[in-house]
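S.K.: Quick one: structure below, then a few questions.
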Amino acid sequence: MYKVKFGGKKGKTVKLVESPDMVAIRTKGNRELESVDMSRESRDLIDKTTEVTSFPEAGVTVRKISADDALESTKSTTEKRDEARATLKQEENIRFAGRVLQDAESGEVMLYTENFFVKFKDEVSEKDCLALIEKYHLTIKSKLPFAANSYFVEAQEGTGLKVFDIADQLLKEKIVEFCHPEIVQERRYKAVHPLQWHLAKTTIGGKTVDAHVNIEAAWKHTKGKGVTIAVVDDGVDIDHPEFAGRVVHPFDATLNSNDPRPKTKDDNHGTACAGMACAAGLNDGASGVAPEATLMPIRLRSGLGSMAEANAFAWAADHGADVISCSWGPADGEWWNPGDMAHNSSTPLPDSTRLAMDYALKKGRGGKGCVILFAAGNGNEDTVNDGYCSYPGVIAVAACNDTGKRSVYSDYGNAVWVCFPSGDYAYQPFKHPAPISQGLRTTDRRSADGYTPEDYINYFGGTSGACPGVAGTVALMLAANPELTQPEVKEMLRRSCRRIDENGGEYDKYGHSIWYGYGRVDAGLAVEQAMTAAEKAQEVMVTGIASFVKVGDQPLASDGIFAGPLKPAQKFLGVRLKTKPAKAGLKIRYKLNVRTTGIGENKEEDEYVGTEDGRQRVIGLAMWLEGKAADKYELEYSARLKGLTEPVKARNGAWCGSEKKSGKTIVALAMTLREK
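The sequence shown begins at 111 in this note's numbering and counts up one residue at a time.
Next up, the structure:
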C-alpha cells in the first residue's frame, strides 16, 4: 500500500493500492495508441485488453488484462500483466508500460509521475530550501509563484514507486510544510447532456416555462462589459463568432501554450461552457448570461490533481481574471444507482491546487479576490466528498430544471451555495417527471467533432451548464460594482437568490437547502444589490473580512450585520479591515486576543490580525478609530461567544470578550459606525 498526505504533517491521508490487472501505456509523441506502429505480438496483446481510462494529453492509456484471457493459461492476471509490460517495453514507439495504482476505497485509477509538489515554511531561506532539494537528488522544474517557498520538482528517472517514500521523508523534515507526489486521476466534466428558457420566460411546445434567472432586469443596467471570465475546461473554439473580439490571455495549461483550441475529438465541453457564460447572442445564436464580458479560455486536459491544474488558477489570477468557472471535478457515482460505492469515495484537494486557489481568492483582482465557481457534480451524491467544490471560498453550483425543481442527477449537501437552471431527465424509479425542454442552448465546437453538426447545441446540461451561468451572473455584479470583494460577492449572491420548491426544498431556519443552496440565482436582483452597494460605498464605513474555521473569509462591514457561519457555528480566526473612502480622514485600528499566542495588533489598514491555525481560538477583540475625523464617529462592535445566547458589545477601543489568557470562543462578530 502507498500513502499520500494532503494538508501537511497532520493532514488527510489517501491510501493507494497496486492494481493486479491494469497497465498504463504511454506512447512517444503522445499519439493515440491505435495509431502507433508496433509488432503483431503487441497489437494482439492490446486487442485482448479493455480500455479503462485515458489521458490523451499525455499519450497515456490504462488497459485492463482480460480475466478470461488469464483463465485460459496457468498464469494469474498479475503475471499476464507483467508479461504485457515486458512485451510493450520492447516497442520503439512506447515510452513506458507501467503499473497502475487505485484508490483503496473507491478503486479510482490514479497515475503517479516522478514529480513532487513541495512547500517549505515561509520563514525558511532559499539557501536551505535548495540544500534540502539537492539532498534528495531532486531537480527543480519550476519555482511556483502562487505560494512562498513552493517548488515543482522531479526525481531521478527510474525512481518509480519510490516517489511515495521520498515524499514521506520530505514531509517529515522540520522545514517542510507540505509535500506530495504528483498523482493524477481522470478529470470528469459535469455535463449530462429554443431555447434559452433559463434566461427569460418562454413557451416550449405550447407549455409556458417560467423558471428563469430574471436576466432581462439585469441587462437593463449591464451586460458584463469590463469584466473577464476565465473558463477553465477542455478546449474552447475561440474562433466561434459568438466570442469574436472578446478573447483575452488564452492559455493551454496542459501544453503550456497560448492556444486553447480543441486538440482532441472530445474537446467539446469548454466551448459549450464558455457560451453559457458569455456568448454574444448573435441572431439565431445563443446568448450567454454576460454577453459583453471578455473570455479568458484556459484549456486543462491534464489529470485531476496535476501541476497544470494549479498553474491554471495562477494564470487566471495573474492575467486579470475576475471570475473563474470550473465545470469539472472528481468522478461521480452513477446518479441512478444508490448502491454505487463510488458515492462514498472521497477526493481531497491537493495542496498544490489549494494554494493556487487561495492565491486567486486572495490576491486576484488587485487584492479583492477572484470569484471561483465549481459545478457541484452529477452523481446525485453529497458534495462533502468533493474537496474541490466544497472548499471554503468556492461557490458550489447545483442544477434545477425548467419546472423549478431539482435536476435528478444534481449533487447536494451543505456545500451547495446556489442553483441555476439546467437540463434534466425523467426517471420513473425515483418518480421524477420528464422536463419540458431538451436542455440548454449554447455554443458548440464548429466541426464534425462537435456535439452536433451545427454551431450550437440545444441540449447541454448538467451542473456543467449551471456553473458558467452563475459565473456570468457574477460578471454582471462586478460590472455594476467593480469594488466588490470575493467574500462580498458570495454573500450578496446568497441574499439575492429566489427560493424555489418550497414544499420539497427542505430549507432550514437559516434559509439553506441541501438541494438548492440558498435558492435559484436571480441575476436582476443580484445586479440591483451590487449597484446599491456601490452607492453606499460613497458613505464613510469600515469594511473587510472576518476569517473562520472551515468556511474561510466572510464579508464584514460597519452595517451591523453579523459575519460568521450560521450552521454550524465555527471558530473565528482573524480580521482584515480598512476604512472607505480612503480620503475620509479615518483609519481603523484593531487588536485580537488569541488564546495561546496572545494579543496581536494591526500596524496599517487592510492588515490581517489573528491566526491561521484552526486549532487556535480568538477570545477577545477591540477596535478604534484614528485620524483627524475620528472624533466625529462612534464605532461599536459585537461578538457572539460560544455558549452564550446574547452577543457582548463594546465600543471605541474597549475589549469585547476577554483580554486575559482565558475566555469564551468568538464565533461571530458585527460592527456599526455612526456619526456622533
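For each residue, glycine too, the CB sits at the ideal point set by N, CA and C. The structure presented is a predicted model; accordingly, all values stated were derived computationally and were not measured.
Take Ala692 as the anchor and find which of Gly737, Glu296 and Arg727 has the nearest alpha-carbon.
M.R.: To locate residue 692, count along the sequence shown from 1; it is residue 582. If we check each option's Cα against that of Ala692, Gly737 comes out closest.
S.K.: So what's Asn568 in DSSP terms, helix, strand or just coil?
M.R.: Position 458 of the sequence shown, counted from the start, is the residue given in the question as residue 568. Here Asn568 sits in strand by DSSP.
S.K.: Identify, in the order they occur along the chain, each residue of the same chain with its Cβ nearer than 6 Å to the Cβ of Met406, setting aside the five sequence neighbours on each side.
M.R.: Reading the sequence shown from its first residue, position 296 is the one you call residue 406. Excluding residues within five positions, the ones whose Cβ falls inside 6 Å are Thr338, Ala340, Val358, His359 and Ala431.
S.K.: Please confirm if the region 612 to 622 is in contact with the region 413 to 427, defined as three or more CB-CB distances below 8 Å between the two stretches.
M.R.: The region 612 to 622 is not in contact with the region 413 to 427.
S.K.: How close, in whole Å, do the beta carbons of Thr318 and Asp347 come, if the pair is a contact with beta carbons under 8 Å?
M.R.: By 1-based counting over the sequence shown, the position of residue 318 is 208. By 1-based counting over the sequence shown, the position of residue 347 is 237. Rounded, the Cβ-Cβ distance is 34 Å, inconsistent with contact.
S.K.: Output yes or no for whether 9 Å exceeds the beta carbon distance between Cys499 and Tyr626.
M.R.: Reading the sequence shown from its first residue, position 389 is the one you call residue 499. Reading the sequence shown from its first residue, position 516 is the one you call residue 626. Cβ atoms of Cys499 and Tyr626: not closer than 9 Å.
S.K.: His247: which of Val219, Leu280, Glu352 and Met451 sits nearest, CA to CA?
M.R.: The sequence position of residue 247 within the sequence shown is 137, counting from 1. The shortest C-alpha separation from His247 is found at Leu280.
S.K.: Once the 5 residues before and after Phe423 are set aside, which same chain residues still bring their CB inside 6 Å of it?
M.R.: Reading the sequence shown from its first residue, position 313 is the one you call residue 423. Within the same chain, Phe423 has close Cβ partners Ala466, Met467 and Ala470.
S.K.: Tell me which same chain residues have a C-beta within less than 6 Å of the C-beta of Ile509, skipping the five on either side of it?
M.R.: Residue mapping note: residue 509 aligns to position 399 of the sequence shown, counting from 1. Just to set this straight, residue 509 is Ala in the shown sequence, not Ile. These residues qualify, in order along the chain: Ser517, Ser520, Ser532, Thr573 and Ala576.
S.K.: Can you name the residues that DSSP bridges to Thr338?
M.R.: Along the sequence shown, one-based indexing puts residue 338 at 228. Note: Thr338 sits in a beta bridge opposite Thr404.
S.K.: Roughly how many angstroms lie between the CA atoms of Ala778 and Arg750, to the nearest whole one?
M.R.: Counting from 1 along the sequence shown, the entry for residue 778 is found at position 668. Counting from 1 along the sequence shown, the entry for residue 750 is found at position 640. Distance between the alpha carbons of Ala778 and Arg750 is about 5 Å.
S.K.: Using 10 angstroms around the beta-carbon of Pro837, count the other beta-carbons present and answer buried if the total reaches 16, otherwise exposed.
M.R.: Here the chain comprises residues numbered 111 to 786, so residue 837 is not present and cannot be evaluated.
S.K.: Strictly by DSSP, which residues pair up with Thr123?
M.R.: Within the sequence shown, residue 123 is the residue found at index 13, counting from 1. DSSP, once it has assigned bridges, lists Lys115 as partnering Thr123.
S.K.: For Pro440, count neighbouring C-beta atoms within 10 Å of its own C-beta (all shown protein chains included) and say buried if the count is 16 or more, exposed if not.
M.R.: One-based indexing of the sequence shown puts residue 440 at position 330. Classification for Pro440: buried.
S.K.: Can you give the Cα-Cα distance for Ala194 and Arg153, rounded to whole angstroms?
M.R.: In the sequence shown, the residue the question calls residue 194 occupies position 84. In the sequence shown, the residue the question calls residue 153 occupies position 43. Roughly 11 Å between the two C-alpha positions.
S.K.: Buried or exposed for Asn568, going by 16 or more other Cβ atoms inside 10 Å?
M.R.: Counting from one through the sequence shown, the residue named residue 568 turns up at place 458. Buried: at least 16 other Cβ atoms inside 10 Å.
S.K.: Excluding the 5 residues preceding and the 5 following Asp559 in the sequence, name in chain order all residues of the same chain whose CB lies nearer than 6 Å to its CB.
M.R.: On the sequence shown, position 449 is the one that residue 559 refers to. Same-chain partners within the cutoff: Lys375.
S.K.: Could you tell me the boundaries of the beta strand (DSSP E) in which Thr317 lies?
M.R.: Here residue 317 is taken as the residue at index 207 of the sequence shown, counted from 1. Checking the sequence, you will find Lys at residue 317 rather than Thr. Start and end: Lys317 to Val319.
S.K.: Short of 6 Å in beta carbon distance, which residues of its chain neighbour Ala420, apart from the five on each side in sequence? Order them along the chain.
M.R.: As a working note, residue 420 is residue 310 in the sequence shown. Taken in chain order, the residues that qualify are Ser462, Thr463 and Ala466.
S.K.: Pick helix, strand or coil for Met467, following the three-state DSSP scheme.
M.R.: As a position in the sequence shown, residue 467 is number 357, starting the count at 1. Met467 falls in the helix class under three-state DSSP.
S.K.: Please identify the residue among Met641, Ser235, Gln266 and Val599 whose C-alpha is closest to the C-alpha of Val481.
M.R.: As a working note, residue 481 is residue 371 in the sequence shown. Among Met641, Ser235, Gln266 and Val599, the Cα nearest to that of Val481 belongs to Val599.
S.K.: Assuming contact is defined by CB atoms lying nearer than 9 Å, are Ile776 and Val728 in contact in what I supplied?
M.R.: One-based indexing of the sequence shown puts residue 776 at position 666. One-based indexing of the sequence shown puts residue 728 at position 618. Taking 9 Å as the Cβ cut-off, Ile776 and Val728 qualify as a contacting pair.
S.K.: Using only alpha-carbon positions, find the residue among Gly121, Tyr743, Ile243 and Gly684 that is nearest to Thr782.
M.R.: Within the sequence shown, the letter at position 672 stands for residue 782. When each option's Cα is compared against that of Thr782, the closest is Tyr743.
S.K.: Please report the straight-line C-alpha distance between Lys199 and Glu161, rounded to a whole angstrom.
M.R.: Within the sequence shown, numbered from 1, the residue matching residue 199 stands at position 89. Within the sequence shown, numbered from 1, the residue matching residue 161 stands at position 51. Cα-Cα distance, rounded: 18 Å.
S.K.: Using the rule of at least 16 other Cβ atoms within 10 Å of the residue's Cβ for burial, across every protein chain shown, is Leu240 buried or exposed?
M.R.: Here residue 240 is taken as the residue at index 130 of the sequence shown, counted from 1. It counts as exposed.
S.K.: So who's on the other strand from Arg761, going by DSSP bridges?
M.R.: In the sequence shown, counting from the first residue as 1, residue 761 sits at position 651. For Arg761, which the question treats as bridged, DSSP gives the partners Glu746.
S.K.: Does DSSP put Lys138 in a helix, in a strand, or in coil?
M.R.: Walking along the sequence shown from the start, residue 138 turns up at place 28. The answer is helix: DSSP assigns Lys138 an H, G or I state.
S.K.: What does the alpha-carbon distance come out to for the pair Leu221 and Leu696?
M.R.: Residue 221 sits at position 111 when you count from the first residue of the sequence shown. Residue 696 sits at position 586 when you count from the first residue of the sequence shown. One C-alpha to the other measures close to 55 Å.
S.K.: Using the Cβ count rule (16 or more neighbours within 10 Å means buried), how would you classify Gly345?
M.R.: As a working note, residue 345 is residue 235 in the sequence shown. Under this definition Gly345 is a buried residue.
S.K.: The alpha helix (DSSP H) that contains Thr187, what's its start and end?
M.R.: To locate residue 187, count along the sequence shown from 1; it is residue 77. From DSSP, the alpha helix (DSSP H) with Thr187 extends over Thr187 to Lys199.
S.K.: Does Lys237 get closer than 9 Å to chain C when you measure Cβ to Cβ?
M.R.: The displayed structure is made up of one protein chain only, and chain C is not part of it.
S.K.: Measure the alpha-carbon distance for Ala265 versus Pro578 and round it to whole angstroms.
M.R.: Here the question's residue 265 lines up with position 155 in the sequence shown. Here the question's residue 578 lines up with position 468 in the sequence shown. When rounded, the distance between both Cα atoms is 38 Å.
S.K.: Measure the C-alpha to C-alpha separation of Ser129 and Ala214 and round it to an integer number of angstroms.
M.R.: Residue numbering aside, residue 129 sits at position 19 when the sequence shown is read from its first letter. Residue numbering aside, residue 214 sits at position 104 when the sequence shown is read from its first letter. Their backbone Cα atoms lie some 10 Å apart in a straight line.
S.K.: With a CB to CB cut of under 7 Å and the five nearest residues on each side skipped, what residues in its chain are close to Gln212?
M.R.: Here residue 212 corresponds to residue number 102 of the sequence shown, with the count starting at 1. Contacts found: Leu126, Val127, Ser129, Glu218, Val219 and Met220.
S.K.: If contacts are defined as beta-carbon pairs under 8 Å, then Ala679 and Met641 qualify, I think. What distance do you get, rounded to the angstrom?
M.R.: The count along the sequence shown starts at 1 and reaches residue 679 at position 569. The count along the sequence shown starts at 1 and reaches residue 641 at position 531. Not a contact, Cβ separation roughly 32 Å.
S.K.: What would DSSP say about Ser574, mapped onto helix, strand or coil?
M.R.: For the purposes of this step, residue 574 is taken as the residue at position 464 of the sequence shown. Of the three classes helix, strand and coil, the one that applies to Ser574 here is helix, per DSSP.
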